[in-house]
Each structure stands twice: as structure tokens, then as C-alpha cells.
Amino acid sequence: MSVLEGDIKKPGATGILGVAYFIHGQAGAARRANTAVPCKSSRSSGSAFGALLELVNMDDFMSLNESVDCLYEFRVNISLDSVDSYTYNDGQSFLIIVLLPILLFLGILGNTAFIFVVYRQTEMRTVTNWYLTNLAVADILFLLSAIVDKLWAYYLSPIPGDNGPHGHFGCIVLYLIADLTYFASLGFVTLVSFDRFLAVRRPQASKGRRGKRTPVKLCAGSWVLSLCVVACLIPSRDMFVKYCLMWPEEDKYQGFPSHMYVCQSRQEWVDYVSNVMQTVPFFLAFALNVFLYVNIIRGLDRSIQNLGSHGMSQDKNVTMRNQIARMLVVNGVVFFCCLFPFELIALFNVIRDIQKTNFIPAEWQGLFLEISRALSYVNSVANPLIYTLMSHRYRANFKMAFSFERCRGIVSQRGRKENDAAAANDSRSASHRCQTATRVEIL
């Protein structure tokens with residue numbers, strides 16, 4: 066099972082914070098020991114994330130006075146000490162009910178606005194913006210599959226990590242979409258960096274590679290390659306396992322569901338492979354982008370030195386370098402820093418599987434996981450701000466795309482400043498631009 070939706074689930078999927086985290090581990094232990102059924106003792110002690118399950122043999126389990134429906138399933142007897150691990154706490158409820166809908170709204174609004182501006186404004190249809198448009202589409206799909214999944218699961222089940230509301234097919238499809246958009250976004254960010262690298266360090270080669278077909282092929286290749294990677298992760302969730310939950314006898318727990326479902330793999334080695342496939346693409350993309358950004362900044366320094374030798378003032382050189390460098394740093398740092406905590410947890414999971422050692426204390430794993438997921442959502446919301454609103458060109462085109470009055474004002478201003486003949490020419494030219502800028506008003 067991949068780290069995205071296995072031990073710690075994926076950034077966009079509902080997490081297995083308590084029961085399922087250790088159910089998965091105990092299921093692997095059961096596979097290794099050829100033990101048929103894991104069962105939790107009647108009253109576990111200690112922390113909520115420790116010793117939740119106790120393995121028993123099939124004969125003992127068959128002798129238990131349980132319903133036939135639970136004979137061949139995992140049975141978890143929840144103690145009062147560990148019940149908080151099986152239900153949403155106040156922090157999780159606030160995150161899901163308040164913060165996630167806000168992030169969903171802002172993310173869809175910002176990314177859709179960027180796509181609209183690129184579509185309406187001809188001068189915005191550049192190679193870089195084509196990559197960023199695909200990134201915006203990936204961000205929208207990621208937010209829809211991730212946040213809507215959490216809202217849906219929270220509404221239908223009081224248990225974090227319960228995949229029952231999705232069903233097996235929905236479990237696979239939701240994870241597939243979120244994983245696909247996640248890996249595709251890595252590709253699009255790298256394409257943006259590579260495009261800037263060519264423009265700065267290989268300007269002549271860049272002209273030959275920035276035709277209309279090349280960006281389309283590269284984006285299509287990024288989607289297809291991401292789909293191939295995601296397809297390899299499907300076996301990590303090919304089982305839809307049902308667990309029987311035995312709640313405490315207090316009245317407030319009597320209406321809680323008696324079952325929960327978890328998507329997981331059939332073989333433990335599948336989990337190892339999936340964990341590696343989750344971490345390797347990110348760190349490869351991270352290393353490649355660092356290399357590209359370092360070379361871009363070096364190329365900018367060299368260009369500024371050449372400009373300075375031709376009479377451009379040093380102040381302008383420094384300003385130009387700082388503006389472009391700041392844009393590059395913000396782009397790279399925010400994207401990779403938002404995803405790095407989750408990938409670091411995923412990497413620790415890989416090391417844990419190999420060395421059988423936990424780097425993160427069990428009682429902190431759930432908190433770190435929720436924070437890392439939240440950062441991945443913020444990343445999808447922040448992308449349109451970072452890649453577009455820091456650009457004066459985008460802001461101007463944004464106003465042109467959404468404001469009819471601005472376009473009309475440009476026409477009247479030019480008419481006053483120019484003479485009659487020039488004003489007539491400018492008016493016809495501006496009128497053509499207004500038709501493009503105000504299509505949204507006409508529609």
C-alpha cells in the first residue's frame with residue numbers, strides 16, 4: 066500500500082489516524098506469521114496509538130461468542146482510553162468543517178480565474194502559462210478529490226479513515242485522481258523551471274523548442290507518465306477490508322457504527338514498493354528543480370553583468386536580478402516546502418519498513434500527518450497567487466479580462482491625447498482589444 070493511502074494515507078485522502086494505522090501494521094504481521102485473524106484484547110492500556118490489537122489464533126477466535134458476520138474479519142474492541150483515536154477530535158472537526166471549505170473555495174476561485182485570464186487574453190497564451198494552466202487544472206482536481214472526499218467521509222461516518230462511504234470502487238477512483246494530479250503537478254512545476262532555464266541559459270535553443278506543439282506534447286507526456294505511476298499504485302488498495310468495532314458500553318457510543326472499511330494491499334511487499342514509488346518522484350523533481358534554479362540565477366547574473374558593461378546602471382541591474390530571483394525563490398520554495406513535510410513522513414515510512422524503527426513517536430504521528438496534509442492543500446491554493454499575482458503583466462491582463470470600464474477608459478484616454486488621424490487609428494486598434502477583453506461581459 067502506498068504511503069499516499071496506506072499507513073498514513075495520501076494528502077488528499079481521508080487519513081487512517083488511529084485504528085487503521087495499526088490495523089494495517091498488524092495485518093502485515095498476520096501475513097508474515099500466517100495468522101488468520103487479528104483481534105484486540107477487551108481493554109487495551111497505554112497510549113491511544115499503541116497496543117490496540119492482539120493476535121489470536123483461529124480456533125480461539127472461532128470460539129468467541131460473536132455474530133457470524135464478524136467471524137472471519139478483524140475485530141477491534143475499543144477501550145475508553147483509546148476511544149479518542151477512533152473519533153474526530155475538536156481540532157479535526159474545525160479543520161474539516163471550517164478551514165477545508167475555505168481552502169476549497171479559494172483554490173477553485175483562484176485557479177479558475179487564472180485559466181479564464183489565459184483563455185481570454187491572447188498575449189497571456191505563452192508557453193509558460195500553458196504549463197501553469199495545466200498546473201491549475203491539476204490543483205482544481207486535487208482539491209475536489211481531496212477535500213470533497215474528507216467532507217463526504219466526515220458527514221457519513223464518525224470514524225476517521227473509514228472508507229465505507231466511498232465503497233471499493235470509489236476508494237480506488239478518488240485515490241487515483243488525487244495521486245494523478247499530485248504527480249502531474251510535479252511534472253508541470255519542473256516544466257516551468259526547464260522553460261525558464263532554456264530562456265535564460267539557452268535562448269537560441271529555446272526559440273526552436275517553444276512552438277505550439279512542443280508544450281502540448283510535454284504536458285500530455287506529464288499526464289500520461291503520472292497515470293502510469295498511479296496505475297502501479299492500484300494494487301496497494303485492491304482489498305476492501307471490513308473491521309468490526311466493539312465500542313464501550315456507555316450510552317453515547319451505542320449509536321456508533323459497528324463496522325468500518327479500509328482499502329489496503331494483499332501482500333506486504335506491495336506496500337514497500339508503493340512507499341518507494343511515492344517518495345522517489347518527489348525527491349527527483351526536487352533535486353532537478355534545485356539544479357535548474359541555480360543555473361537560472363547564474364545565467365541572470367551573467368546577463369546583468371553584460372548589460373552593465375553596455376551602460377545600464379548598477380541599480381537597475383540589482384533591481385532586475387532581485388525581482389526575478391525573488392520570483393524563482395518564491396515559486397520553488399513554497400511549492401516544495403508545502404509538500405516536503407508529507408514526503409518526509411513518507412520517507413520515514415520507507416526507512417521504518419526497512420529498519421523496523423520509528424523515527425516519529427507514535428503519539429505525534431497523527432498530528433504531523435494532519436499538518437502535512439493541510440500544507441498540501443495550501444500549496445494548491447497558493448499556486449495561482451505565486452505564479453500569477455506576483456506578475457504585473459498578469460494583474461494588468463486580469464483587470465482587462467474582468468473589467469469593461471477599464472477597456473472603455475483606455476479608448477477615451479487615447480482619443481484625447483492623439484491628434485485626429487492618430488486617434489482614429491488608435492481607436493480602431495483599441496476597439497479590437499476591447500472585444501477580446503469584454504467577451505465575458507457579452508456572454
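All the letters of the sequence shown, read from the start, carry residue numbers 66 to 508 under the working numbering.
Backbone N, C-alpha and C define an ideal beta-carbon position, used for all residues, glycine too.
Can you tell me whether residue i is buried or exposed? The criterion is at least 16 other CB atoms within 10 Å of its CB, across all chains shown.
i	result
Q329	buried
K105	Residue placement at K105 cannot be trusted, given a pLDDT of 35 that sits under 50; what the coordinates show is reported in the next sentence. Label assigned to K105: buried.
N423	exposed
L69	Residue placement at L69 cannot be trusted, given a pLDDT of 38 that sits under 50; the coordinates are not used to answer.
V163	exposed
F356	exposed
F413	buried
L349	exposed
E315	exposed
G397	buried
F234	exposed
W334	exposed
A352	exposed
R367	exposed
S210	buried
R458	exposed
A113	Below a pLDDT of 50, predicted positions are generally treated as unreliable, and A113, at 33, falls in that range; the measurement from the model is reported next regardless. Answer is buried; the Cβ neighbour count reaches 16.
Going by DSSP, what residue range makes up the beta strand (DSSP E) through residue i?
i	result
Q329	H324 to Q329
Y318	First-last for Y318: undefined, no H or E at that position.
Measuring CA to CA, which of the options is closest to residue i?
i	options	result
R460	G172, V183 and L145	V183
F170	Y442, A411, F400 and K464	Y442
I365	A264, P322, W334 and A178	First, the amino acid is wrong: residue 365 is Leu here, not Ile. Here the closest residue by C-alpha is A264.
I173	W217, T187 and D204	D204
I362	R261, L160, R140 and F467	R261
L165	L409, A178 and Y219	Y219
G175	W195, V202, T152 and S158	V202
T193	F207, I242 and V281	V281
V213	M304, A243 and P449	A243
V289	V238, P426 and T246	T246
P225	W195, K215, F234 and D336	K215
T198	L221, Y240, C297 and P449	P449
S291	G431, A249 and F405	A249
I167	Y153, I436, A178 and L208	L208
C309	D146, F405 and Y151	Y151
Q319	R278, L251 and P223	P223
S258	F400, E408, R458 and L432	F400
Y153	Q420, A466, L432 and M455	L432
S287	D303, F321 and L251	L251
M409	V395, A296 and I436	As written in the sequence, residue 409 is Leu, which differs from the Met given in the question. Selected option, being the one with the closest Cα: I436.
S323	G229, I425 and A211	G229
K421	L221, Y337 and I299	Y337
K464	G156, V306, R185 and Q157	R185
V306	P300, V327 and K317	V327
S339	I299, Y358, K317 and I425	I299
L404	W429, L434 and I425	L434
L221	R278, F321, I425 and Q430	F321
Tell me, which residues are paired with residue i by DSSP?
i	result
K282	BP columns for K282 are empty, so no partner.
K307	Y326
F139	Y308
Report, in whole angstroms, the separation of the C-beta atoms of residue i and residue j, which I expect to be a contact under 8 angstroms.
i	j	result
Q332	A411	In fact, because the Cβ distance is near 19 angstroms, the residues do not count as touching under 8 angstroms.
V415	V341	6 angstroms
P346	I143	Incorrect: roughly 38 angstroms between the Cβ atoms, too far for contact.
E188	N462	7 angstroms
L239	H231	6 angstroms
L160	A439	7 angstroms
M325	D227	4 angstroms
N354	R266	At roughly 15 angstroms, the Cβ-Cβ gap does not stay under 8 angstroms, so N354 and R266 are not in contact.
F139	L200	That belief does not hold up - the Cβ atoms of F139 and L200 are roughly 41 angstroms apart, past 8 angstroms.
R181	A466	The amino acid at residue 181 is misidentified as Arg; the sequence shows Phe. About 6 angstroms; that satisfies the 8 angstroms criterion.
R302	C236	6 angstroms
W39	C284	Only positions 66 to 508 of the chain appear in the structure, and residue 39 is not among them; the question remains open.
M455	V395	7 angstroms
Quick check on residue i - is its C-beta less than 8 angstroms from some C-beta in chain D?
i	result
M311	Considering every chain present, this structure includes no chain D. It has just one protein chain.
I need the boundaries of the alpha helix (DSSP H) containing residue i, first residue and last residue.
i	result
K215	V192 to L221
H233	G232 to R266
I180	L165 to R185
F467	H457 to F467
G156	D155 to F159
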